[in-house]
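Down below is the structure, laid out as structure tokens.
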Amino acid sequence: EVERGRRMMKGSRIAVIAASAALSCCLLLATLTPAPRPAEVELEGGYNRPVSSQAQHAVMKALAPTAKILANSMLFTAVAQHARSNPKSPGRAAMRAVLDDREARKKIAADVENKLANDHSGEYAVEIRNEVPEKYQSLIPELARTAAVSATTMAFIDLRDNVLKADDYPESMDRGYLENGNSLADMPILMGSSARGQYGPVAKDKLEFHCKSECESHHLCVAYTYKPSMGACYLKSKLNPVRGTDCTKDCWFFGVVHQRLP
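Below, the structure written as structure tokens:
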């Protein structure tokens with residue numbers, strides 16, 4: 001019995017040693033075996049490729065400029081609509097109201113995203129897809145929201161800056177859009193100085209050149225007008241409801257240009 005017990009203990013030690021060796025072997029193999037690759041994103045074309053920073057950069061490069069134009073145009077359209085709904089309030093009051101409206105910000109971001117991601121959004125879809133390589137085009141819907149939120153945020157930051165400027169130039173920015181009766185065909189030119197007298201009248205040709213250049217730099221702009229007495233420039237957007245070159249209802253305020261006296 002004693003001899004039998006010794007043989008059993010010896011066998012157990014051998015089994016333990018064998019198990020330890022097997023475990024060590026497994027651990028060694030685990031350290032030598034490479035980790036599994038992350039899941040790849042499927043792109044158009046029937047094959048898989050990992051999404052690279054190059055792909056994301058190519059898509060965002062195409063989305064960002066259009067997103068910026070759309071966000072700014074939609075934001076100023078919202079300001080003009082608010083001003084028309086409250087005709088007795090100055091234009092800067094409409095700017096403040098839209099600036100504080102979180103729902104307006106969400107709606108603009110969602111509308112911009114839809115324009116960017118929608119294959120049937122007309123010129124926007126065509127322009128974006130002409131710039132994005134076909135193999136990356138399936139990333140457009142995914143990155144459209146990022147571009148839309150970023151552009152909308154920057155548009156609201158610019159609007160906040162305009163609100164701050166309104167405190168310095170209240171006469172120039174009391175209106176967010178042109179009053180009734182002023183069309184692009186026969187815009188009255190009223191020369192004069194600013195209320196505080198710090199700036200002289202802006203030369204008509206200088207302001208016209210500025211407005212025209214800004215309009216030509218935005219593919220959504222179809223017309224412009226200006227007020228030298230206020231140094232104010234107004235642009236007309238394709239997104240606005242009234243057609244033609246009439247600024248009666250839907251030209252939106254772009255900015256103020258002043259010529260400092262010597």
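If you're matching positions, the sequence shown starts at 1 in our numbering and goes up one per residue.
Virtual Cβ for every residue (Gly too), placed ideally from N, Cα, C.
Which residues bound the alpha helix (DSSP H) around residue i?
{"i": "residue 133", "result": "Neither: residue 133 is in no alpha helix (DSSP H) and is coded neither H nor E."}
{"i": "residue 120", "result": "Here residue 120 belongs to no alpha helix (DSSP H), and DSSP marks it neither H nor E."}
When DSSP labels each residue in this structure, what does residue i get in the three-state scheme?
{"i": "residue 107", "result": "helix"}
{"i": "residue 300", "result": "Residue 300 lies beyond the range of the chain shown here (1 to 262); nothing can be said about it."}
{"i": "residue 27", "result": "The predicted position of residue 27 is uncertain, since its pLDDT is 43 and thus under 50; a value taken from the coordinates is nonetheless stated next. Note: residue 27 maps to helix in three-state DSSP."}
{"i": "residue 158", "result": "helix"}
{"i": "residue 80", "result": "helix"}
{"i": "residue 187", "result": "Reliability fails at residue 187, whose pLDDT of 35 lies under 50, so the model's placement of it is uncertain and no value is given."}
{"i": "residue 70", "result": "helix"}
{"i": "residue 201", "result": "Reliability fails at residue 201, whose pLDDT of 47 lies under 50, so the model's placement of it is uncertain and no value is given."}
{"i": "residue 182", "result": "Confidence at residue 182 is low in this model, with a pLDDT of 34, below 50, so the placement of that residue is unreliable and no value is reported for it."}
Quick one: measure Cβ to Cβ for residue i and residue j, integer angstroms, because I've assumed they're closer than 8 Å.
{"i": "residue 143", "j": "residue 56", "result": "7 Å"}
{"i": "residue 163", "j": "residue 235", "result": "Rounded, the Cβ-Cβ distance is 19 Å, inconsistent with contact."}
{"i": "residue 83", "j": "residue 94", "result": "4 Å"}
{"i": "residue 267", "j": "residue 140", "result": "Lying outside 1 to 262, the shown extent of the chain, residue 267 is not represented and no answer is given."}
{"i": "residue 152", "j": "residue 108", "result": "5 Å"}
{"i": "residue 233", "j": "residue 214", "result": "7 Å"}
Check: Should the stretch 112–119 be called in touch with the stretch 90–104, which here means at least 3 C-beta pairs below 8 Å?
Finding: Contact fails between the stretch 112–119 and the stretch 90–104, because fewer than three Cβ pairs, one in each stretch, are under 8 Å apart.
| said: Check whether the stretch 60–70 and the stretch 144–158 touch, using three or more Cβ-Cβ pairs below 8 Å as the test. | reply: The count of Cβ pairs closer than 8 Å, one atom from the stretch 60–70 and one from the stretch 144–158, reaches three, so the stretches are in contact.
Worksheet item: Is the number of C-beta pairs between the stretch 74–81 and the stretch 125–135 that are closer than 8 Å three or more?
Response: By the Cβ test, the stretch 74–81 is not in contact with the stretch 125–135, since fewer than three Cβ pairs between them sit closer than 8 Å.
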